[in-house]
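*Asks:*
Chains as they are written, first to last, in our numbering: chain A, 1069 to 1293; chain B, 1069 to 1293; chain C, 1069 to 1293; chain D, 1069 to 1293.
#1: Closer than 9 Å by beta-carbon distance: list the chain A residues that pair up with residue 1233 of chain D, in chain order.
#2: Applying the 10 Å Cβ sphere with the 16-neighbour rule, what's the burial state of residue 1111 of chain C?
#3: Give me the Cα-Cα distance between residue 1163 of chain A and residue 1229 of chain C, rounded to the nearest whole angstrom.
#4: Can you check which of these residues, A:1160, A:1200 and A:1135, is closest to residue 1084 of chain A by C-alpha distance?
#5: Could you give the residue range of the alpha helix (DSSP H) that holds residue 1093 of chain C?
#6: List, in chain order, every chain B residue whose beta-carbon is nearer than 8 Å to that of residue 1249 of chain C.
#7: Kindly say whether residue 1210 of chain A, judged by its beta-carbon, lies nearer than 8 Å to any beta-carbon of chain B.
#8: Kindly indicate if chain A contains any beta-carbon less than 8 Å away from that of residue 1191 of chain B.
#9: In whole angstroms, give me the CA-to-CA distance for residue 1116 of chain C and residue 1263 of chain D.
#10: From the beta carbon of residue 1186 of chain B, is the nearest beta carbon of chain A less than 8 Å away?
#11: I'd like to know whether the C-beta of residue 1151 of chain C is nearer than 8 Å to at least one C-beta of chain B.
#12: For the region 1235 to 1247 of chain A, list every residue whose C-beta sits within 9 Å of some C-beta in chain C, in sequence order.
#13: Looking at the secondary structure, which residues open and close the alpha helix (DSSP H) in which residue 1202 of chain B lies?
#14: Count the other CB atoms, across all protein chains shown, that sit within 10 Å of the CB of residue 1198 of chain C; report buried if there are 16 or more and exposed otherwise.
#15: Do we get a CB-CB distance below 8 Å when we pair residue 1182 of chain C with the residues of chain D?
#16: I think residue 1131 of chain A touches residue 1120 of chain A, with their Cβ atoms under 8 Å apart; what is that distance to the nearest whole Å?
#17: Going along chain B in order, which residues have a C-beta closer than 8 Å to the C-beta of residue 1197 of chain A?
#18: Please list, in chain order, the chain B residues whose beta carbon lies closer than 9 Å to that of residue 1272 of chain C.
#19: Taking residue 1189 of chain A as the reference, which of A:1275, A:1094 and A:1080 has the closest Cα?
#20: Residues in its own chain within less than 8 Å of residue 1159 of chain A by CB, not counting five upstream and five downstream?
#21: For residue 1268 of chain B, would you say it is in contact with chain A, using Cβ-to-Cβ distances shorter than 8 Å as the test?
#22: Ignore the nearest five residues each way along the sequence and tell me which others in residue 1183 of chain D's own chain have a CB closer than 8 Å to its CB.
#23: Quick one: is residue 1088 of chain A near chain D, going by C-beta distance under 8 Å?
#24: Taking only beta-carbon atoms, is residue 1263 of chain C less than 8 Å away from chain B?
#25: When burial is assigned at 16 or more other CB atoms within 10 Å of the CB, is residue 1218 of chain A buried or exposed?
#26: Cβ closer than 7 Å: which chain C residues qualify as neighbours of residue 1281 of chain B?
#27: From what residue to what residue does the alpha helix (DSSP H) around residue 1161 of chain D run?
#28: What's the C-alpha gap between residue 1149 of chain C and residue 1271 of chain D?
#29: Going by other Cβ atoms of all chains shown within 10 Å of its Cβ, with 16 needed for buried, is residue 1224 of chain B buried or exposed?
#30: Do we get a CB-CB distance below 8 Å when we pair residue 1116 of chain C with the residues of chain D?
#31: How is residue 1281 of chain D classed by DSSP in three states: helix, strand or coil?
#32: Using 8 Å as the limit for Cβ to Cβ distance, is residue 1081 of chain D near chain C?
#33: Short of 6 Å in beta carbon distance, which residues of its chain neighbour residue 1227 of chain A, apart from the five on each side in sequence? Order them along the chain.
#34: Helix, strand or coil, according to DSSP, for residue 1183 of chain A in the structure here?
#35: Look up residue 1152 of chain D in the DSSP assignment and say whether it is helix, strand or coil.
Structure, rendered in structure tokens:
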């Protein structure tokens, strides 16, 4: 689930990660933009589709380079692959990159030294942003699979985004549903991730609300009026 | 998410907030009533519709005045806008006003000095009331969008209220579903808010139940029979 | 939400509650059985329907007597009504009686003095049993409303029970859905109660599982093999 | 819910359980494989179906032997049945065996003495694996009931697996739904178990995320850059 307990991280690797994190996140956003361009533009708009495809390939190459550099710097050799499971998965399925967004947050925070949000607010923000990005990626991927499939109920990207919303929140109306096998596998993945992430949002919000009400109690007894 | 950590609040602002809160909440309820009147009455009943519209505009003007006064009293100048995110959103989308209902509760409590409910009961009450008010607002807004749309399954306000119920609880039967883009955006907003609020209700109820059963344990050991 | 904080309870009232609880719960089960008999038997089977109706009326009379006795013994006079909200609701809508099942549990436990279940197991059992009884009551009530309604998808009691299952768990397939206004109001009530109760089951199960795994940790370090 | 509090377990029984656990789990997997073979192969492929049926019967016989040995070794006589509720249920409905998967985990861990996962990760892994296995079993059982039923929407095993996914996550689109009574009873069981298990996954993930973010806080204050 996490690449946290990897023992003492070599200094060079740490420095690389610190400096590479922001560029890599920008690359992730470019990857997503390129994929969106590729999926959403008309079949006739060759130019835009080619641009999208180029962005996807170029950023993917960057991810491979980063993975290679970290594998080298870690000094772990082939043992790097099993101990960095999330990194490996994310290399093969770059649409899951949002799962690493927490890293950027930390990197940005460390640099700016701004007062941080409260613990619950941060977990909500992280889980919420990740859920939205995953939902957008899933909506794109499902749209690519489903448009044109016989008997599908997902005809426009709007339908696909609506489907992603109803799935992430587990409402599941059933008015827009994937029918192709690949679409359904993507949907199952979104359900699993979405459930866990939204559970985290819900749980943190609940804890945060309790905290606010409790703090209020402590403030008022001294008699405010 | 919150306008809590805004540093030392000037005394004048605090006093304004204390005295304005109850009138503003009444204004919020009038706003909702006016909007309901506008949406639910027949197209022919010009008089009622005009009354509703007037209520909506008058109360909205009040909200603008309140926002302006608080911006002025805070002494923050334009910095007030980003640091009071929820206030600004609520000014632009007054249907979200219920999210501030917690303020009224505090104000009323402080004045009456009645014994308060337990912490969990208060969180449940707050989240529950907010969810019901948001659900009612969403049902009105979706009904306004959907009635008359081709192929819609929301034909009466009853359908719309039923849709809001099934959405807030994430049951999502799918027998009444918005089909227009605006309707779906409102629905997505309701899902996001509803999920968090109902998660808070559920979590508090669960904690409250555990507390009740635990207390019972402590009471009985001394041998009651 | 609860009739807990009613101040010092007179001794006579306490004794009445202790002795009346088990008979009243049996009466509740008879009420449910009578209602089921009334709803589920054929229109031609006059005898059974009459028996069901008689049971319903007789047990309801018992509930009224109990309420009256407790109102009298409490010495609160008319103030009894607002401070015992749940009792009053349950008197008017006896199908909600399962919500008081926790009382019986306590009464039985106190008498038998058996080793109790763990805290989480008890909350799960209480919330689970309440949810099942409420689901059964709702299935009966919805079936009574919906059978025969034009365009309904709930034609047999099996459909109604299936609907109650999918609603309580918030799955909501939408293949069996109430269409009459009264049916939908009952459904909304079931959603609200079911969500809170099942949230309590889920939360307790989760806490219980964590407890079991944690205990396991503590047991094993001393080296078991 | 659990066979934990059964008092002092005889040493012989403990030793039996320690050595029998892994073979029994392999038998459970073989049972599932045999059942899958029986359900999924064509009606004409007599040979494969017979092999599946043989596997099912042979492994079931093993479960009966294990139950008998444990009943004997426990020295409890007939009192073993009520105090080992889960064991008894699992003997009669071997498809529920995954619920005991936690045992294997413990057994394997105790032998290998590898550093264990964190508490939350273990609960997530246990609940997640159990949910997946139960979902697979339910998909097989529902497929066996539904294929060929008139008016069913579950025609292939793919539909059934998709139905299990949408049910376990409580999304419930309603595009694939059991219509036979037995199929619906299996579905209700899956909903009940799935809800509790996924609640545990969600809750643990939420707690784990909070823990990770909290740890991060503690790490950084000393000034990392």
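Note that the Cβ used here is the ideal one computed from N, Cα and C, for glycine as well.
Only a predicted model underlies this, so the values are computations on that prediction, with no experimental measurement involved.
*Replies:* With the structure as the only source:
#1: Correct list: 1252, 1255, 1256, 1259 and 1260.
#2: So residue 1111 of chain C counts as exposed.
#3: Computed Cα separation, rounded: 41 Å.
#4: With distances taken between Cα atoms, residue 1084 of chain A lies closest to A:1135.
#5: Note, residue 1093 of chain C: alpha helix (DSSP H), 1079 to 1108.
#6: Result: 1226.
#7: False, the Cβ-Cβ gap to chain B never drops below 8 Å.
#8: Yes - at least one Cβ of chain A is within 8 Å of the one on residue 1191 of chain B.
#9: Here the alpha carbon of residue 1116 of chain C sits roughly 38 Å from the alpha carbon of residue 1263 of chain D.
#10: Output row for residue 1186 of chain B: interface = no.
#11: No, residue 1151 of chain C does not count as interfacial toward chain B.
#12: For the region 1235 to 1247 of chain A, residues whose beta-carbon sits nearer than 9 Å to a beta-carbon of chain C comprise 1238, 1239, 1240, 1241 and 1242.
#13: Secondary structure note for residue 1202 of chain B: its alpha helix (DSSP H) is the uninterrupted segment 1187 to 1214.
#14: That one is buried.
#15: Unreliable placement is indicated for residue 1182 of chain C, whose pLDDT of 48 sits below 50; no coordinate value is reported for it.
#16: The Cβ separation is near 17 Å, so there is no contact.
#17: For a Cβ distance threshold of 8 Å, nothing in chain B lies close to residue 1197 of chain A: the least Cβ distance comes to about 13 Å.
#18: Those are 1274, 1277 and 1278, listed as they occur along chain B.
#19: Minimum Cα distance to residue 1189 of chain A is reached at A:1275.
#20: Closer than 8 Å at Cβ, skipping near neighbours: 1131, 1132 and 1135.
#21: So yes, residue 1268 of chain B belongs to the interface.
#22: Legend: pLDDT at residue 1183 of chain D = 47, less than 50; position of this residue unreliable, no value from coordinates given.
#23: Judged by the 8 Å Cβ criterion, residue 1088 of chain A is not in contact with chain D.
#24: At a cut-off of 8 Å between beta-carbon atoms, residue 1263 of chain C makes contact with chain B.
#25: The C-beta of residue 1218 of chain A has fewer than 16 other C-beta atoms within 10 Å across all chains shown, which makes the residue exposed.
#26: Within 7 Å Cβ-Cβ: 1187, 1190 and 1191.
#27: Element bounds for residue 1161 of chain D: n/a, residue is neither H nor E.
#28: Cα atoms of residue 1149 of chain C and residue 1271 of chain D: separation of roughly 39 Å, rounded to the nearest angstrom.
#29: Looking at its Cβ environment, which holds fewer than 16 other Cβ atoms inside 10 Å, residue 1224 of chain B is exposed.
#30: It does not; no Cβ of chain D falls within 8 Å.
#31: Three-state DSSP puts residue 1281 of chain D in a helix.
#32: At a cut-off of 8 Å between beta-carbon atoms, residue 1081 of chain D makes no contact with chain C.
#33: Here the set comprises 1244.
#34: Confidence in residue 1183 of chain A is poor, its pLDDT being 46 and thus under 50, which makes the residue's placement unreliable; the coordinate value appears in the next sentence. If DSSP states are grouped into helix, strand and coil, residue 1183 of chain A belongs with coil.
#35: Secondary structure of residue 1152 of chain D (DSSP, three-state): coil.
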